[in-house]
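Read the structure below first, then the notes.
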Ligand code: NDP
Ligand code: 8X3
């Protein structure tokens, strides 16, 4: 495995304040990459950036980002463009874009669904990827071997009760990834979808709006994925030889044989 390909490369990660994004920051840092980290919670981002520097990042910078707002995405990419500018040549080259920001809000049936939850999920998981990619592409198009990694979900492959808007959003992410790969044919850019199953991050706490008892239920008695499992795979995808595109990866815990078949160990 040739991971030196990521040394001193610029990697932009959205949703880097927790979960997969924070783990990805640490994992790319260990490869000696230079990091651009975005999310809304800047205090958390600063902690992640500091940890990334300790883990070996060539550089680690962070800036506020709300992917549900076009103006925020554009301001973030303007900051990123200035940060990666080579003062000698004026070149601005982004090597890896990780579109990770997103999540689920609520687990209501369609009959009980809330506009606010649906809008939030489609804004972040779908429109957030479109906005961020549109804004960042000018920094990537002259970069054969550059990589766009979109974070999808098992929920984009298999539906479940209460998941209509989230499953639709993640199915949308897969189709965005596929369309983008067609549009970028000939540029040398790679486009991948990484689709995890059950993983223990802040995901469930966000979905259940801070209800810790409800949030811990999906993980009870089972061995979910950890954020590091997915971060390692992101690094592997981005460090393939430039002619190799990993189109889609579905990664589930061994205990999650299917969406409705999760093995749970008996208590005690
Ligand atoms: P976390 O809740 O731990 O992380 C979500 C990240 O997204 C946070 O950094 C959060 O930062 C950021 N984020 C949310 N909304 C916005 C926004 N509007 N603008 C910018 N950043 C935002 O969960 P995960 O790490 O699990 O989630 C990461 C991705 O993985 C999501 O797309 C999620 O849907 C997906 N996923 C998760 C799975 C799981 O079981 N955990 C499985 C499959 C996919 P902040 O709040 O600071 O803005
Ligand atoms: C989050 C995992 O499948 O429980 O994407 O919705 S799932």
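In this note's numbering, the protein residues as written are 394 to 661.
Beta carbons: idealized from backbone N, C-alpha and C, even for Gly.
- residue 610 bridges to which residues according to DSSP? As a working mapping, residue 610 is identified with position 217 in the chain shown. Residue pairing from DSSP leaves residue 610 without any beta-bridge partner.
- Task: Measure from the alpha carbon of residue 457 to the alpha carbon of each residue in 409, 527 and 628, then state which is nearest.
- Result: Start at 1 with the first residue of the chain shown, and residue 457 comes out as number 64. Considering only alpha carbons, the answer is 409.
- Message: Shorter than 8 angstroms, the distance from the beta carbon of residue 499 to the closest heavy atom of ligand 2, or not?
- Response: The sequence position of residue 499 within the chain shown is 106, counting from 1. Taking non-hydrogen atoms of ligand 2 into account, the C-beta of residue 499 is found less than 8 angstroms away from none of them.
- What are the start and end residues of the beta strand (DSSP E) that includes residue 507? The residue labelled residue 507 in the question sits at position 114 within the chain shown. Going by DSSP, residue 507 is part of no beta strand (DSSP E) at all; its letter is neither H nor E.
- Query: Using a threshold of 8 angstroms, is the CB atom of residue 563 nearer than that to any non-hydrogen atom of ligand 2?
  - Reply: Residue numbering aside, residue 563 sits at position 170 when the chain shown is read from its first letter. Residue 563: yes, Cβ under 8 angstroms from ligand 2.
- Query: If you count every other CB in all the chains shown that lies within 10 Å of the CB of residue 695, and 16 or more means buried, which is it?
  - Reply: The structure shown does not extend to residue 695, since the chain spans only 394 to 661, so no value can be given for it.
- Task: Inspect the CB distances between the segment 610–628 and the segment 568–583 and report whether three or more fall short of 8 angstroms.
- Result: These segments do not touch.
- Helix, strand or coil at residue 540 according to DSSP, with G and I counted as helix: Looking up residue 540 in the chain shown gives position 147. Judged by DSSP in its simplified three-state form, residue 540 adopts strand.
- Whether residue 658 touches residue 590 by CB criterion (9 angstroms): Here residue 658 refers to the residue found at position 265 when the chain shown is read from its first residue. Here residue 590 refers to the residue found at position 197 when the chain shown is read from its first residue. Cβ atoms of residue 658 and residue 590: not closer than 9 angstroms.
- Query: Looking at C-alpha atoms only, which residue of 550, 398 and 422 is the closest neighbour of residue 442?
  - Reply: Translated into the one-based positions of the chain shown, residue 442 becomes position 49. Looking only at 550, 398 and 422, the smallest Cα-Cα distance to residue 442 is reached by 422.
- Message: Can you tell me whether residue 583 is helix, strand or coil according to DSSP?
- Response: Reading the chain shown from its first residue, position 190 is the one you call residue 583. Here residue 583 sits in strand by DSSP.
- Message: Nearest by alpha-carbon distance to residue 596: which of 550, 644, 420 and 608 is it?
- Response: If you number the chain shown from 1, residue 596 lands on position 203. In terms of CA proximity to residue 596, 608 leads the group 550, 644, 420 and 608.
- Quick one: is the Cβ of residue 602 within less than 8 angstroms of any heavy atom of ligand 1? As a working mapping, residue 602 is identified with position 209 in the chain shown. Incorrect: residue 602 has no Cβ contact closer than 8 angstroms to ligand 1.
- Message: Could you give the first and the last residue of the continuous alpha helix (DSSP H) run that contains residue 563?
- Response: Along the chain shown, one-based indexing puts residue 563 at 170. First-last of the alpha helix (DSSP H) with residue 563: 557–576.
- Message: With three or more beta-carbon pairs closer than 8 angstroms as the criterion, would you say the segment 544–563 touches the segment 475–488?
- Response: Verdict: no, contact absent.
- Where DSSP assigns a beta bridge to residue 428, which residues make up the other side? One-based indexing of the chain shown puts residue 428 at position 35. DSSP output for residue 428 lists 404 and 453 as bridge partner(s).
- Determine, using beta carbons only, whether residue 513 and residue 407 come nearer to each other than 9 angstroms. Position 120 of the chain shown, counting from 1, holds the residue named residue 513. Position 14 of the chain shown, counting from 1, holds the residue named residue 407. In this structure, residue 513 sits away from residue 407, with a CB-CB distance that is not shorter than 9 angstroms.
- Message: Below 8 angstroms, how does it come out for the segment 499–517 and the segment 419–439: are there three or more Cβ pairs, yes or no?
- Response: The answer is no - the segment 419–439 does not touch the segment 499–517, with fewer than three Cβ pairs under 8 angstroms.
- Task: Go through its chain and collect everything with a Cβ distance to residue 461's Cβ below 8 angstroms, but skip five positions before and after it.
- Result: Along the chain shown, one-based indexing puts residue 461 at 68. Around residue 461: 513, 516, 517, 520 and 521.
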